[in-house]
Amino acid sequence: MLIALMLDGALGWPHGLYARIGHPVTWLGALIGAGDRRLNREKAGDLSRRITGVVLAGAVIALAAGMALAISRLLPGGRAGLILTAILAWPLVAARSLHDHVTAVARPLAAGDLAGARKAVSMIVGRNPTLLDGAGIARAAAESLAENASDGIVAPLFWGMLLGLPGIAAYKAINTMDSMIGHRTPRHEAFGWAAARIDDVANLVPARLTGLLFALASARPATALTIMLRDARSHRSPNAGWPEAAFAGALGIRLSGPRTYADRIAQEPWLNGDAPDPQPGDLARGLALYRRAMVMLAAIMALIVLMTGRP
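Residue numbers (our numbering): 5 to 315.
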């Protein structure tokens with residue numbers, strides 16, 4: 005898993021490769037989308053839709069983990085098997101992609117190009133970008149960076165370290181399902197119930213580890229930890245509040261709070277609410293904090309390998 009993180013940090017997922025074969029997440033997304041269209045019948049009752057959602061979640065997770073297990077058993081032992089496992093796990097880590105997407109927001113925002121920043125931030129958040137001012141754009145991007153550091157990097161590596169290739173594949177299936185059908189909308193409230201609850205459980209430990217990483221990698225670890233422990237539970241998500249609150253405390257900014265989506269206004273509580281709104285320079289500082297946290301994560305993984313002898 006350490007090699008997979010290093011590969012992703014150095015290369016990301018090349019556009020040429022994506023154009024030729026796509027990406028494992030898009031393959032999972034196609035499978036989940038097909039299941040949603042075929043099984044999630046609008047005329048069915050909530051109980052029926054919840055049951056079919058459970059069936060879909062179980063089937064997708066079993067398929068992803070089962071295929072990964074079958075492949076891992078075919079791999080050779082020794083160094084060759086280690087390298088092949090890392091290559092197979094590489095696309096399931098999103099460290100470079102996340103950094104690039106947030107950088108794409110930070111650059112036009114720093115240059116005063118709000119139109120460009122709004123366009124870039126619309127690629128990573130669901131809220132209405134046309135209503136965001138500079139502070140709102142910075143806040144949305146910072147929240148996405150903090151939350152997705154857990155979902156896209158720490159959590160898959162955590163499950164990969166514990167359960168190998170099947171663990172990281174199963175987690176990616178869980179997280180992709182949650183992002184697609186785990187929403188509290190009329191269509192997915194019942195059908196996506198299982199996907200959302202499984203994702204909550206899968207991220208329980210990684211989210212808190214991510215918050216701890218942000219705190220330890222910051223210039224004000226005690227403050228970041230205090231804000232995280234004080235505010236994380238007020239977040240609408242049982243997990244996202246931990247990295248976001250630590251991130252807010254580490255940078256001395258406030259996050260979360262009210263936001264406007266396409267169809268509704270969400271009155272969310274603030275994280276580190278006494279601090280000011282983030283400014284363009286805070287997003288650059290947040291990216292630097294993210295890089296330090298990822299280096300710290302790699303160092304911890306290397307230490308675990310040295311102590312346990314397990315790659």
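Even glycine gets a Cβ: it sits at the ideal position worked out from N, Cα and C. These figures come from a predicted structure and were not determined experimentally.
**Prompt:** When the Cα of R191 is compared with those of R54, G130, H105 and A302, which residue comes out closest?
**Reply:** Within the sequence shown, numbered from 1, the residue matching residue 191 stands at position 187. Among R54, G130, H105 and A302, the Cα nearest to that of R191 belongs to R54.
**Message:** Report the start-end ranges of each beta strand (DSSP E) in the stretch 35-90 that is 3 residues or longer and not cut off at the edges.
**Reply:** none
**Message:** Taking 7 Å as the threshold (C-beta atoms), are N276 and G290 in contact?
**Reply:** Taking the first residue of the sequence shown as 1, we reach residue 290 at position 286. Taking the first residue of the sequence shown as 1, we reach residue 276 at position 272. It is not a contact, given that the beta carbons lie outside the stated cut-off.
**Request:** Figure out for me which residue from M311, L208, G138 and D182 has the closest Cα to the Cα of P282.
**Result:** To locate residue 282, count along the sequence shown from 1; it is residue 278. Ranking the options by Cα distance to P282, first place goes to G138.
**Asked** Does the Cβ of T205 have 16 or more other Cβ atoms within 10 Å, making it buried, or fewer, making it exposed?
**Response** Along the sequence shown, one-based indexing puts residue 205 at 201. The sequence shown places Val at residue 205, rather than the Thr named in the question. It is exposed - the Cβ of V205 has fewer than 16 other Cβ atoms within 10 Å.
**Request:** Specify, as a first and last residue, the run of the alpha helix (DSSP H) that W197 falls within.
**Result:** For the purposes of this step, residue 197 is taken as the residue at position 193 of the sequence shown. Per DSSP, W197 belongs to the alpha helix (DSSP H) from W197 to A206.
**Prompt:** Applying the criterion that 16 or more other CB atoms from any shown protein chain within 10 Å of the CB defines a buried residue, is G239 buried or exposed?
**Reply:** Here the question's residue 239 lines up with position 235 in the sequence shown. The amino acid at residue 239 is misidentified as Gly; the sequence shows His. With 16 or more Cβ atoms within 10 Å of its Cβ, H239 is classed as buried.
**Request:** Go ahead and pull the three-state DSSP assignment for L169.
**Result:** Against the sequence shown, residue 169 aligns to sequence position 165. Of the three classes helix, strand and coil, the one that applies to L169 here is helix, per DSSP.
**Identified DSSP bridge partners for L161** = The residue you call residue 161 lines up with position 157 of the sequence shown. In the DSSP output, where bridge partners are listed per residue, L161 has none listed.
**Asked** Based on the DSSP secondary-structure assignment, which residues constitute the bridge partners of L275?
**Response** Looking up residue 275 in the sequence shown gives position 271. The partner list for L275 (beta bridge, DSSP) reads L259.
**Asked** How would you write the range of the alpha helix (DSSP H) that M232 sits in, first residue to last?
**Response** By one-based count along the sequence shown, residue 232 stands at place 228. Segment P225 to D235, the alpha helix (DSSP H) holding M232.
**Item:** Check whether I172 and P160 have beta carbons under 7 Å apart
**Value:** On the sequence shown, residue 172 is found 168 positions in, with the first residue counted as 1. On the sequence shown, residue 160 is found 156 positions in, with the first residue counted as 1. Contact flag set, yes.
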